[in-house]
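Here's the structure we're looking at; comments come further down.
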Amino acid sequence: MSDSLLNVVADGSSAHLSSFRTRAAELDAADPLAHVRERFLLPTGVIYLDGNSLGALPAAVPEALNDAVHRQWGTDLIRSWNANGWWEAPARIGDSIGAIVGAAPGQVVCGDSTSVQIFNAITSALRMRPGRTVVLADPDSFPTDLYLADSVANLLGAEVRRVPVADVAGVLRAEGDAVAVIAYNHVDYRSGELRDMRGLTAAAHDAGALAMWDLCHSAGAFPVDLDANAVDLAVGCGYKYLSGGPGAPAFVYVAERHLADFAPALTGWHGHANPFGMEAGYTPAPGIERARIGTPPLLSMLALEAALGAYEGVDMRAVRAKGLALTDLFIECVHALGLETLTPAEHARRGSQVAVRHLDPHAVMAALIDRGVIGDVRPPDVLRFGFNPLYIGYADVVEAARLLGDILETKAYEDARYAVRATVT
Ligand SMILES: Cc1ncc(COP(=O)(O)O)c(C=O)c1O
C-alpha cells in the first residue's frame with residue numbers, strides 16, 4: 003500500500019510517514035491518559051473517530067446493565083425505586099455529570115433528550131426575563147436547537163434572531179435590552195469551533211440577558227467550567243463524549259442563583275414538590291429536581307452512570323491537553339496530505355474534533371469506514387473526525403491519516419459501492 007501522500011514534501015520540509023509514526027509512538031509512551039483506554043471495549047481493527055457522535059462502549063456498562071436488568075428489575079422489581087436508588091438517579095447522575103462540566107452539586111439533573119431540555123431551558127429563560135422577547139441563536143447551530151427555539155418563540159410570542167457568533171457581542175451592545183437569552187452551541191458541531199463561553203456569557207449579562215449553552219460537543223471532551231464562567235443555563239447529551247450509549251439521557255444545568263425562578267414548560271410529576279402526594283395541581287420541587295419531567299429511562303440512565311465511571315481519577319485538564327495534541331497532530335497530517343481543514347488552528351477556538359473538506363465526503367467516508375476508520379459526514383463537504391482523549395491514541399491519528407491519504411491517492415473512494423449513501427451519515 004502506498005504511503006506517498008503522507009510523504010509529501012511541503013514547503014521544503016519533509017513530512018514523512020515514518021517521522022509522524024515516531025512522534026506518535028513517543029507521545030503515546032508519555033501519555034498520562036494511556037491507561038484509561040482499557041476502560042473501553044473497542045473492537046480490534048477499528049480506529050474510532052466518531053465518539054463525538056456516539057461514544058464507545060465503556061467496559062463497566064455491560065455488567066451494570068446486567069445487574070440493572072437481572073437483580074434490580076428482575077428480582078427487586080418495583081422495590082428498586084427505593085432499594086436501588088432509582089428515584090434519586092436523575093439528581094445523583096446529574097451531580098456526576100456536574101463534576102465533569104464544572105458545576106457544583108445540586109445544579110444538574112439527568113433525563114430526557116437534549117431537544118426536550120433545550121425546549122424547557124429556552125422557555126424558562128424567556129419567563130425569567132419578562133418583557134424581553136428576543137432569543138439570539140446561531141444560524142449554524144445544530145438544527146434541533148433552532149427548531150426548538152422557533153417552537154418556543156411561536157408558543158410564547160417571542161422572536162428568534164439568528165445572529166452569527168461573531169456578531170453577538172455587538173448586537174447585545176446595540177439592542178440587548180430586548181434580548182432574554184442567547185442560546186449557542188459551545189462547540190460548532192460541523193467545524194469544531196469552540197466558542198468564547200466566558201466572554202459571551204459576560205456580554206449577555208451586561209445586557210441583562212441570560213446565556214444558555216448547548217454542551218453536546220464539549221461535555222466530557224474538556225473542562226467546561228460552568229460555575230466559573232457564570233453560565234445561567236446549559237444542556238447536553240449523554241451519548242457523545244460521555245459515552246452513555248445510544249439514546250442515553252441528556253442533562254440540564256440551572257445555576258443555583260436561578261433555581262427558584264426556573265419555570266420549565268414541561269411540568270411532569272417527577273418535578274413536583276410532593277410527587278407521591280398525587281396532588282391535582284403542580285407545585286415545583288424547590289431545587290434542581292423541578293427540572294425532572296416524567297419517569298426516566300432507568301436502564302439507559304444506569305448505563306450512563308456506569309459510563310461516567312470512566313472519568314474516575316481523570317483530570318479534565320489532562321483530557322484537554324491530550325485532545326489538543328491529538329487534533330494538532332491530525333491537522334498536521336491532513337495538511338501534509340494537501341487537504342483543507344475548517345477547524346480553527348488556535349487552541350482557544352478548537353473543540354476536540356477536526357473537520358476536513360472534501361467534495362465527495364460521503365464516498366470518502368464510506369471507503370474509510372470500510373478500512374476500519376470510523377468518522378462521519380456533515381453537509382455539504384465535511385469529513386468529521388472526533389477525538390475522545392480517553393480512548394484515542396496518537397498512533398491511531400497517524401494511521402487514520404495514512405489510510406485517508408491512501409484512499410485519496412488511489413481514488414479507492416470512486417468505487418461504485420461507495421456511491422450508495424446510508425440513511426445515517
Ligand atoms: C449541538 C447538538 N445539540 C443537540 C443534538 C441532538 O439532540 P438530541 O439529543 O435531542 O437528539 C446534537 C446531536 O448531534 C448536537 O450536536
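Quick note on my numbering: the sequence shown kicks off at 3 and runs consecutively. No residue lacks a Cβ here, since even glycine has one placed at the ideal position from N, Cα and C. In this text the structure is predicted, and so the values were computed from the model without any measurement.
Heavy atom of ligand 1 within 6 Å of residue i beta-carbon
i, result
"S245", "no"
"S354", "no"
"D198", "no"
"T125", "no"
"S153", "no"
"S115", "yes"
"C335", "no"
"T425", "no"
"N187", "yes"
"Y149", "no"
"F387", "no"
"F253", "no"
"F144", "yes"
"D362", "no"
"D69", "no"
"D378", "no"
"D140", "no"
Cβ-based burial, residue i [other Cβ within 10 Å; buried from 16]
i, result
"D169", "exposed"
"A418", "exposed"
"I438", "This structure cannot speak to residue 438, because the chain is shown only from 3 to 427."
"S302", "buried"
"N390", "buried"
"T427", "exposed"
"L157", "exposed"
"F278", "exposed"
"T345", "buried"
"P248", "exposed"
"P266", "buried"
"P382", "exposed"
"N276", "exposed"
"G201", "exposed"
"P251", "buried"
Separation of residue j from residue i, as counted between CA atoms
i, j, result
"A106", "A230", "10 Å"
"A424", "E281", "49 Å"
"A213", "N122", "14 Å"
"E195", "Q74", "42 Å"
"K324", "I394", "9 Å"
"G273", "I95", "16 Å"
"V358", "E348", "16 Å"
"N68", "L304", "10 Å"
"Q109", "V226", "14 Å"
"S117", "I295", "13 Å"
"A414", "M367", "11 Å"
"W89", "D317", "30 Å"
"L361", "V422", "16 Å"
"L268", "A204", "28 Å"
"A91", "L410", "48 Å"
"W83", "A236", "28 Å"
"A93", "I333", "39 Å"
"Y191", "I120", "16 Å"
"S115", "P299", "11 Å"
"S4", "R404", "Confidence at S4 is low in this model, with a pLDDT of 46, below 50, so the placement of that residue should be treated as unreliable; the coordinate-derived value is given next. The straight-line gap from Cα to Cα measures roughly 9 Å."
"G104", "L228", "5 Å"
"A85", "D408", "56 Å"
"D378", "L385", "6 Å"
"V254", "L174", "25 Å"
"A209", "G87", "42 Å"
Backbone secondary structure at residue i - three-state DSSP
i, result
"V426", "coil"
"E195", "strand"
"A275", "coil"
"W215", "strand"
"R109", "Reading off the sequence shown, one finds Gln at residue 109, where the question assumed Arg. Residue state, collapsed to three classes: coil."
"G388", "strand"
"S4", "Its pLDDT being 46, under 50, S4 is placed unreliably in this model, and the value from its coordinates should be taken loosely. Coil, per DSSP."
"F22", "helix"
"L43", "strand"
"N187", "strand"
"P286", "strand"
"G104", "coil"
"A357", "strand"
CB contact below 7 Å: residue i versus chain C
i, result
"R259", "No chain C is part of this structure, which consists of one protein chain only."
For this session: Could you tell me whether the region 49-65 touches the region 235-250, using the rule of 3 or more Cβ pairs below 8 Å?
Result: Touching, yes.
**Prompt:** So does the region 43-53 actually touch the region 284-302, counting three or more Cβ pairs closer than 8 Å?
**Reply:** Short answer: they don't touch.
Check your understanding: How do the region 218-226 and the region 149-169 stand: do at least 3 beta-carbon pairs fall below 8 Å, yes or no?
Key -> Segments in contact, no.
Counting beta carbon pairs with one atom in the region 332-344 and one in the region 122-133, are three or more of them shorter than 8 Å? The answer is no - the region 332-344 does not touch the region 122-133, with fewer than three Cβ pairs under 8 Å.
Touching by the beta-carbon criterion (3+ pairs, under 8 Å), the region 347-357 and the region 327-335: Taking a contact to require three or more Cβ pairs closer than 8 Å, the region 347-357 and the region 327-335 qualify as touching.
Inspect the CB distances between the region 89-104 and the region 132-142 and report whether three or more fall short of 8 Å. Flag = no, the region 89-104 and the region 132-142 do not touch.
Original post:
Any chance the region 396-404 sits against the region 25-35, with 3 or more Cβ pairs inside 8 Å?
Top reply: With a cut-off of 8 Å, the region 25-35 and the region 396-404 count as touching, because enough Cβ pairs lie within range.
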